[in-house]
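Just add 27 to the spot in the sequence shown (first one is 1) and you have our numbering.
Quick reminder that beta carbons are idealized off the backbone N, C-alpha and C, glycines included.
Below is one structure, written out as structure tokens; comments come after it.
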Amino acid sequence: MKATLSLILVLLACGISPEARAKMILEEGLSDASIIVQIEAAKGLINIDRARSVAVLEGILQNDDPDLRAAALNALYDIGTEGTNTMIVRFCGDPNPAVREAAYRIVGAHDDAETREVLVQGIHDEYAGVRKIAYLGLSKFGERELLQRGLRDAEPRVRIAAAKALGDLGVMGMAELIKEHLKQFAPEVWGDGIIAIAELRDTASVQAFRILLQEGTPDLRVDAAEALLILDDDSGIHALRMALQSNDPFVRMRSVGVLTRHDVPDSYAQLEATTHDAFVNVAVQAVKALAVHDVRGSGKRFRELLDAQNTLLRVTAASAILRNQNGT
Numbered sequence: 028m029k030a031t032l033s034l035i036l037v038l039l040a041c042g043i044s045p046e047a048r049a050k051m052i053l054e055e056g057l058s059d060a061s062i063i064v065q066i067e068a069a070k071g072l073i074n075i076d077r078a079r080s081v082a083v084l085e086g087i088l089q090n091d092d093p094d095l096r097a098a099a100l101n102a103l104y105d106i107g108t109e110g111t112n113t114m115i116v117r118f119c120g121d122p123n124p125a126v127r128e129a130a131y132r133i134v135g136a137h138d139d140a141e142t143r144e145v146l147v148q149g150i151h152d153e154y155a156g157v158r159k160i161a162y163l164g165l166s167k168f169g170e171r172e173l174l175q176r177g178l179r180d181a182e183p184r185v186r187i188a189a190a191k192a193l194g195d196l197g198v199m200g201m202a203e204l205i206k207e208h209l210k211q212f213a214p215e216v217w218g219d220g221i222i223a224i225a226e227l228r229d230t231a232s233v234q235a236f237r238i239l240l241q242e243g244t245p246d247l248r249v250d251a252a253e254a255l256l257i258l259d260d261d262s263g264i265h266a267l268r269m270a271l272q273s274n275d276p277f278v279r280m281r282s283v284g285v286l287t288r289h290d291v292p293d294s295y296a297q298l299e300a301t302t303h304d305a306f307v308n309v310a311v312q313a314v315k316a317l318a319v320h321d322v323r324g325s326g327k328r329f330r331e332l333l334d335a336q337n338t339l340l341r342v343t344a345a346s347a348i349l350r351n352q353n354g355t
């Protein structure tokens with residue numbers, strides 16, 4: 028370890044490039060005591076060595092801790108997989124619901140024959156998160172009859188997913204059906220419905236979403252802002268920027284998530300400020316958002332973060348720099 032540190036100091040004195048430092052940080056991350064850090068380092072490798080990235084993540088799938096298996100599966104989903112992998116399908120039967128849900132996310136991204144069979148099994152899973160993904164995935168196969176079953180599911184999130192899937196297939200009235208469902212439930216379960224209505228391009232709901240920006244709970248304001256962005260309406264951007272200043276780190280995290288999924292140039296400066304967030308997961312997600320949307324403009328901040336005290340933040344910044352290097 029001392030020899031490694033000495034080498035790093037020598038290289039720094041010789042003017043090592045940020046890209047070379049980033050690669051070293053990822054290499055160190057792969058052997059970090061924290062498997063979460065290992066997972067993020069493996070994700071960063073996708074920019075320079077895809078085969079190794081996948082191999083590291085698949086190795087972590089053998090861990091006994093279900094939370095770590097789920098995290099590795101979610102990472103594989105993030106980097107993308109080619110076709111339905113037999114090993115991934117095996118985890119669709121894992122005893123832990125979070126692991127099954129993560130595995131189904133990967134399977135649901137494909138449209139081959141094996142995928143259909145697994146998704147049909149998924150609509151009978153005891154866990155609502157799996158059923159939701161399964162119904163959404165079956166829309167690729169035009170399974171209207173199976174999707175109709177989902178409208179009778181006991182869980183409202185699953186019914187919303189089935190209605191969204193049917194709407195994607197051209198079945199009329201699904202946005203209105205979702206609105207009727209939302210009237211029956213407390214606001215804390217409205218998020219999925221709001222986004223589904225927007226994704227079905229229901230522009231008649233724009234005014235209702237704008238009202239939620241003022242009158243909704245903090246989470247609902249973020250959901251409404253995202254729904255408006257989906258409908259090409261930027262009136263919710265201010266609400267997202269306000270959410271980044273919330274005292275609740277989970278609201279901040281939710282807002283950064285939206286700004287990762289949607290490109291909002293007016294938010295770049297505030298996202299950069301958010302990379303200083305005291306809640307490290309928020310800071311890490313802000314780096315990821317900037318890496319997606321402003322990778323070149325944020326290069327200076329990424330280089331600064333190579334010296335961050337938190338290992339996860341250093342690894343995420345290193346991944347962002349290598350993304351910039353490859354122009355991806």
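Let me know if residue i comes out buried or exposed under the rule of 16 or more other beta-carbons within 10 Å of its beta-carbon.
i: Q272; result: exposed
i: E331; result: exposed
i: D139; result: exposed
i: E253; result: buried
i: A82; result: exposed
i: T230; result: exposed
i: E359; result: Nothing in the structure corresponds to residue 359, since the chain is present only between 28 and 355.
i: T301; result: buried
i: R170; result: The sequence shown places Glu at residue 170, rather than the Arg named in the question. The residue in question, E170, is buried, as its Cβ has 16 or more Cβ neighbours within 10 Å.
i: T343; result: buried
i: D294; result: Reading off the sequence, residue 294 comes out as Ser, not Asp. By the 10 Å Cβ count, S294 comes out buried.
i: I73; result: buried
i: E109; result: exposed
i: D275; result: exposed
i: A190; result: buried
i: D91; result: exposed
At what residues does the alpha helix (DSSP H) containing residue i begin and finish?
i: M199; result: No alpha helix (DSSP H) contains M199, which DSSP labels as neither H nor E.
i: A266; result: I264 to A270
i: D94; result: P93 to I106
i: A324; result: Checking the displayed sequence, the identity of residue 324 turns out to be Gly instead of Ala. G324 -> no alpha helix (DSSP H), and no H or E assigned at all.
i: Q65; result: I62 to G71
i: S166; result: First-last for S166: undefined, no H or E at that position.
i: Y131; result: P124 to V134
i: G149; result: A140 to G149
i: P45; result: P45 to L57
i: D179; result: In the sequence on display, residue 179 carries Arg and not Asp. Careful: R179 lies outside any alpha helix (DSSP H) and carries neither H nor E.
i: A82; result: R77 to I87
i: V116; result: T113 to R117
i: E109; result: E109 -> no alpha helix (DSSP H), and no H or E assigned at all.
i: Y295; result: Y295 to T301
Nearest-angstrom Cα distance between residue i and residue j?
i: E299; j: A69; result: 24 Å
i: E141; j: D219; result: 28 Å
i: G243; j: H303; result: 28 Å
i: N337; j: R132; result: 30 Å
i: V116; j: Q241; result: 44 Å
i: V147; j: E153; result: 13 Å
i: A155; j: R127; result: 11 Å
i: I348; j: Q65; result: 18 Å
i: W217; j: E46; result: 44 Å
i: H265; j: R79; result: 41 Å
i: R328; j: A270; result: 22 Å
i: R350; j: Y162; result: 34 Å
i: V233; j: D290; result: 20 Å
i: M88; j: K159; result: It should be pointed out that residue 88 corresponds to Leu in this sequence rather than to Met. Cα to Cα, the separation comes out at about 23 Å.
i: A213; j: L193; result: 24 Å
i: L227; j: D259; result: 13 Å
i: R186; j: G324; result: 42 Å
i: R279; j: N308; result: 10 Å
i: Q312; j: D250; result: 17 Å
i: I221; j: L267; result: 16 Å
Are there any heavy atoms of the ligand MG lying less than 7 Å away from the beta-carbon of residue i, as far as the coordinates show?
i: S294; result: This structure does not include the ligand MG; it has no bound ligands of any sort.
Every unbroken beta strand (DSSP E) within the segment 201 to 278, with a cutoff of 3 residues, ordered by chain: The segment 201 to 278 is shown to contain no whole beta strand (DSSP E) run of 3 or more residues.
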